[in-house]
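Protein chains: 2
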Amino acid sequence: METPALILDIDRLRINAKRMLDHCAARGITLRPHVKTPKSVDVAKLATGGRMSTITVSTLAEAEHFAQAGFTDILYAVGIAPNKFNRAKRIGPTLTVVVDSVEMATAVAQSDLSNPVLIEIDCGEHRGGLPTNDPELEHIAQKLGAQFAGIMSHAGQSYETDELAVVKEIAAREVKAARLAANRLTQIGLTVGTVSIGSTPTVLHGDDLDGITELRAGIYLFHDLSQAARNICRFDDIALTVLASVIGHNRAAGVLTLDAGALAMSKDIGAQKHLPNAGYGWLCDVETVKPLGLSIDTVHQEHGTVKVRDPAVYDQLPIGSMVRVMPVHACLTAAGGYGRYYLTDGHIWPRIDGWD
Amino acid sequence: METPALILDIDRLRINAKRMLDHCAARGITLRPHVKTPKSVDVAKLATGGRMSTITVSTLAEAEHFAQAGFTDILYAVGIAPNKFNRAKRIGPTLTVVVDSVEMATAVAQSDLSNPVLIEIDCGEHRGGLPTNDPELEHIAQKLGAQFAGIMSHAGQSYETDELAVVKEIAAREVKAARLAANRLTQIGLTVGTVSIGSTPTVLHGDDLDGITELRAGIYLFHDLSQAARNICRFDDIALTVLASVIGHNRAAGVLTLDAGALAMSKDIGAQKHLPNAGYGWLCDVETVKPLGLSIDTVHQEHGTVKVRDPAVYDQLPIGSMVRVMPVHACLTAAGGYGRYYLTDGHIWPRIDGWD
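Sequences listed follow chains A and B, in order. The opening position of the first sequence corresponds to residue 4 in the numbering used here, with each subsequent residue numbered one higher. The opening position of the second sequence corresponds to residue 4 in the numbering used here, with each subsequent residue numbered one higher.
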């Protein structure tokens, strides 16, 4: 096998997928896994427990890919723009789109799109979404007419903390924001079919889910150093690693070099806040996946450079040997340009990338 | 045209390509453009002035792609690992590979590879390469026998400064390191056919090139905010932008959101050291490409969030409108998963990604 390559631990993946399915089933709420993490039909089948129905996507390329594979209920959870209407129309009513403004609700209503539409509510992430007290909410829903299908919110700010008590507060706020919006629309006589919330931390740690119809999460499938650093998973839950080769020892400079750099790992350094030695990924033993106490400290496009303090490391990892690297942010690592996952059971699963 | 999309200003690209060809021609030295930046046969043809001969690549996928397109002299400038030998062999002697250790020279010599091999010298970047005083240099060259083809060095540390005087020092050191190594091998009777150096800054600003046979550079084709911030180009030289849509106004939070996030732009923040407001890219007018005084300040996988201080910005950039975003690091931005470049003259040029 050539390096760099994505290795997917099928046992850990199955456990991660089942844990979330069980978690949602126990709460009587539909899980709508976010497949922007794996971008793989095979992983998405596992994530939905074989149902191939409710999933979330981040691009219309994903929507198309999963619709063609037979998934029947696909939420494109990024605000739609007019230059995507034609493609959304081609995908058809299997695809639900999202708006958060009068402008875009009007554009959708005046277009020939017939896709269901959710209205996004900002529950504190301050990215997309209407503020919960925005007086335009009813107006937007009415503009959408029969296309109006419900409410969604995303508590992405839950990734900023490593304290579960704070995650719980954020989860409560997410639920409250979505429920408040749904209630406002119910009160004017609209049917709010979907009330969708989620992020892996809030889905796992939210208590009160009254009024919520579905939960969205994605990174739980693979997990990564960012999640482990924030106590959302254990290091042993991380299912995705990058197989990389040691391509050089620069003993004079005190570094060894891997063929896994900025594209293979991504330049995400988001784990460092809570795990200062996360670097761009942790080197692990190629067989046992035990962390070796080494990180990728610097990345160039195809090179990853590892500081070596103990010269015994050069003997432990000779030139030409391989390691598995735990990623900082699995979604971005996996989207580095890999065409497939190599599973630990020998199977190969294809994945997609990009917007085309 | 759907967003996000890569827009390539063909006029700027032609000027950037010609400037470097003229620069090298004036010095009587071969240019070996690094096509890891564009990953496009069409751009590489321009970069070589139509010769389709000497190029540099960063993956064997690129090597294969460009060999199939007819390029006749391809340097894979990342240290080779044994799991890539089979593919390198399939590509054939069109491909030159790189080693920097006795271990890998031995592995290459004992394999059935017949590709030419360069020995990499560390001229201060402290990534790959033998230190200039490494006593193993002669041994490695002798191990390689008839496959030994020359020396390469890469002064990647030239990207760390914005002072041209420092770039000039680094360029001088790069030349000296490569020349010293070449001289040592000439003195023991070996033929050093190639003495290859380069990085865009050192190629542009090196003075003494005595003993150097070829120059490598890539980012000059597109340029980006990192290069402009370091005075290596003007902002008006930047040929690559990302076309993005405004997908939301969150007036309460003081942000607008684009459909260009971590994958569309990359998470490279390397321009910020010398250009604090670089963010993850500068928003520019979609027609004139004039910077609007706005940056992508936060990125998520598909969302880019822009802080808005002046509410007039919301009128200037209504929901559904488009901008062009100057990238921080063009190589990584272009490798985000785009299948093609949309040229400003209406043509579409395909590009590749990944390692498969």
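A virtual CB, placed ideally from N, CA and C, is assigned to each residue, including glycine. Just so we're clear, the structure is a prediction, and the values are computed from it rather than from any experiment.
With 16 as the cutoff for other CB atoms within 10 Å, does residue i come out buried or exposed?
| i | result |
| --- | --- |
| A:I355 | buried |
| A:K430 | One cannot answer for residue 430 of chain A here, as it falls past the ends of chain A, which runs 4 to 359. |
| A:E290 | exposed |
| B:N89 | exposed |
| A:N136 | exposed |
| A:N3 | Outside the displayed range of chain A (4 to 359) lies residue 3 of chain A, so it cannot be described from this structure. |
| B:E166 | exposed |
| B:N280 | exposed |
| A:P41 | buried |
| B:A315 | exposed |
| B:D262 | buried |
| A:Q304 | buried |
| B:I191 | exposed |
| A:A256 | buried |
| A:G349 | exposed |
| A:H252 | buried |
Listing by chain order, which chain A residues have their CB less than 8 Å from the CB of residue i?
| i | result |
| --- | --- |
| B:T62 | E305 |
| B:C334 | Q304 |
Just to make sure I have the definition right: I need the residues of chain B whose C-beta is within less than 7 Å of the C-beta of residue i. Which are they?
| i | result |
| --- | --- |
| A:I322 | S104, E106, M107 |
| A:H129 | N253, A256, V258 |
| A:S269 | K270 |
| A:R90 | E5 |
For residue i, which residues in chain B fall below 8 Å Cβ to Cβ?
| i | result |
| --- | --- |
| A:L81 | According to the sequence as given, residue 81 of chain A is Val; it is not Leu. Those are I250, D262, E305, H306, listed as they occur along chain B. |
| A:A265 | S269, D271, L335 |
| A:G95 | Chain B residues near A:G95: none, gap ~17 Å exceeds 8 Å. |
| A:D288 | Residues of chain B passing the Cβ test: none, with the nearest at roughly 17 Å. |
Name, please, each residue of chain A whose Cβ falls closer than 7 Å to the Cβ of residue i.
| i | result |
| --- | --- |
| B:A84 | T6, S248, I250, D262, G323 |
| B:P134 | A255 |
| B:K310 | Neighbours of B:K310 on chain A: none; closest Cβ ~10 Å, over 7 Å. |
| B:G284 | Here the premise fails: no neighbours, minimum Cβ distance about 14 Å. |
| B:K87 | E5 |
| B:G73 | Per Cβ cutoff of 7 Å: no residues; B:G73 is ~24 Å from chain A at best. |
Apart from the five residues on each side of it in sequence, which residues of its chain come closer than 6 Å, Cβ to Cβ, to residue i?
| i | result |
| --- | --- |
| B:A267 | P7, V245, G339 |
| B:S156 | I124, C126, E177, A180, A181, I200 |
| A:P204 | S161, V170, I235 |
| A:W352 | S43, D45, Y344 |
| B:L297 | L286, V309 |
| A:F74 | M55, I58 |
| A:T33 | T57, E217 |
| B:T189 | V195 |
| B:P294 | W285, C287 |
| B:T336 | M268, S269, P330 |
| A:I83 | V100 |
Ignore the nearest five residues each way along the sequence and tell me which others in residue i's own chain have a CB closer than 8 Å to its CB.
| i | result |
| --- | --- |
| B:A112 | K146, L147, G148, Q150 |
| B:R176 | C126, G127, A158 |
| A:M325 | T6, L246, A247, S248, V249, V289 |
| B:D359 | A64 |
| A:D313 | none |
| B:V81 | S61, T62, V101, G131 |
| A:P96 | S117, N118, P119 |
Quick one: residues in its chain with C-beta nearer than 7 Å to the C-beta of residue i, no 5 flanking neighbours on either side, listed in chain order?
| i | result |
| --- | --- |
| B:D12 | A242, T347 |
| A:Q240 | According to the sequence as given, residue 240 of chain A is Asp; it is not Gln. Only R15, N19, H226 meet the Cβ criterion. |
| B:G214 | R182, A185, V198 |
| B:H410 | The requested residue 410 of chain B does not occur in the structure, where chain B is confined to residues 4 to 359. |
| A:S114 | F88 |
| A:H277 | D165, A232, R233 |
Can you list the residues of chain A that residue i reaches, using a CB-CB cut of under 9 Å?
| i | result |
| --- | --- |
| B:A110 | I322, G323 |
| B:G357 | L266, G339, G340, Y341, G342, D356 |
| B:D125 | N253, A255, A256 |
Contiguous beta strand (DSSP E) assignments of at least 3 residues, all confined to the segment 33 to 64 of chain A: 33 to 36, 57 to 60
Contact set between the segment 186 to 205 of chain B and chain A, restricted to residues whose Cβ is under 7 Å from the partner: none
Sequence ranges, alpha helix (DSSP H) only - wholly within the segment 113 to 193 of chain B, length at least 4: 140 to 147, 167 to 190
Members of the segment 234 to 248 of chain B near chain A, C-beta cut-off 7 Å: S248
Residues in the segment 38 to 57 of chain A having any Cβ partner in chain B nearer than 7 Å: K39
Continuous beta strand (DSSP E) assignments of at least 3 residues falling wholly in the segment 217 to 257 of chain A: 217 to 220, 243 to 253
Contacting positions in the segment 339 to 353 of chain A - beta carbon closer than 8 Å to chain B: G339, G340, Y341, G342, R343
Residues of the segment 139 to 160 of chain B whose Cβ lies closer than 7 Å to any Cβ of chain A, in chain order: G159
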